[in-house]
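2 protein chains.
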Amino acid sequence: MPTTTVTRYAIGDFAKAVGLSAPTLRYYEKAGLIEPHRLENGRRYYETADVHWVKFLLHLKGTGMSINELQQYVEWRAQGDATIPQRLELLRHVKEDFLVQFNEVQHHLQILNDKINWYEEKDAGITQDHEDFATYLERFGHNE
Amino acid sequence: MPTTTVTRYAIGDFAKAVGLSAPTLRYYEKAGLIEPHRLENGRRYYETADVHWVKFLLHLKGTGMSINELQQYVEWRAQGDATIPQRLELLRHVKEDFLVQFNEVQHHLQILNDKINWYEEKDAGITQDHEDFATYLERFGHNE
DNA sequence: TTACAACTTAAAGTGCACTTTAAGTCAACA
DNA sequence: TGTTGACTTAAAGTGCACTTTAAGTTGTAA
């Protein structure tokens, strides 16, 4: 007689598994992003598939999606394959916004790096008569 | 008799020049990040150097520095070259945090891209009997 | 069996970075 | 000369994503 064991996570263990707090999981649940199962005593439990789902949500969130956008995505998902075009459009839009931000942020890093280098040169080398940061930036074509 | 003209920006024009709102500029000023000059009638005015300064602040902010960290930076800056080591340490720390975030975010993008591609294949190709997203990710070694 | 940790809910609180409002002064143009 | 728009201040409000609190129930180890 074959048996299968399915891992059931209590909310605290699940929280550790996905790197969120239990209150945050309840908050996401209220927002409609997660639908845990319940034991007979009313306590939530989660399964392995839920771990993957939450981790995927966190990836989307990490690309800049708000809770509201995630809600929309999840809603469409619940409606089945007919909403795949909508979901694709949403994700493509998220990606476009992401790439814009990504480029901006790389430029911010460049300036940060330049400033660090400028301080290092100023700190190590000839302190007097040192060119200012604006002039320094120009030498690399890093204007503004 | 030589004369020089210095460009003076009223707060509204300055706001446009740096891409912030006038209230935000007043907010930054209260936080100690900007020190505009004043006309005799009490109105603020800004000069070209202030444009560069605010843009630089926005670069730092864009790397993840909070208003509080910017305040600390500005405070040290006002104390002169003796605080360059502290400023360097702060900026290096900001950079480290940034790079961690940057790597994470690139991974988020990868998963987003994978999901978009998965939808595109599912949408265009053989809809029935399609492998699930987790299996799809494994094909590329993009686990989780 | 007792005590303590983990769970349940609803509601209020937090932190950040602004944004808006209110009430008033001032400047520039038709 | 009047009226419109831009400025001044202090204080209150907003939006987002949680986090904390309060009051109670339940499961587990000593």
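In the order they appear, the protein sequences are chains D and R. The first sequence runs 1 to 144 under the working numbering. The second sequence runs 1001 to 1144 under the working numbering. Glycine residues also receive a C-beta, built at the ideal position from the N, C-alpha and C atoms. In this text the structure is predicted, and so the values were computed from the model without any measurement.
Query, Result
"Integer Cβ distance of R1043/R from A1022/R, believed to fall under 8 angstroms", "That pair is no contact at about 12 angstroms."
"Beta-carbon proximity list for F1014/R, same chain, < 6 angstroms, skipping 5 on both sides", "Y1046"
"Any C-beta of chain R under 8 angstroms from that of T83/D", "no"
"Neighbourhood of T1063/R by C-beta, 8 angstroms cutoff - its chain only, sequence neighbours within 5 removed", "V1094, K1095, F1098"
"Among K30/D, N143/D, G32/D, the one whose alpha carbon lies nearest that of H107/D", "N143/D"
"Buried or exposed by the 16-neighbour rule on C-beta atoms within 10 Å, applied to H37/D", "exposed"
"Exposed unless 16 or more other CB atoms sit within 10 angstroms - verdict on V6/D", "exposed"
"For V1051/R, the nearest candidate out of Q1086/R, A1031/R, G1012/R, L1088/R (CA to CA)", "G1012/R"
"First through last residue of the alpha helix (DSSP H) which encompasses I11/D", "11-18"
"Cα-Cα separation between Y28/D and Q72/D, rounded to whole angstroms", "13 angstroms"
"Under 8 angstroms by beta carbon: chain D residues contacting Y1119/R", "I84, R87, L88, L91"
"Own chain residues within Cβ distance below 7 angstroms of V74/D, not counting five before or after", "G32, L33"
"Classification of R1087/R by the beta-carbon crowding that lies within 10 angstroms, buried from 16 upward", "buried"
"Nonlocal neighbours in the same chain, by C-beta distance under 6 angstroms from V54/D, ignoring five residues either side", "V18"
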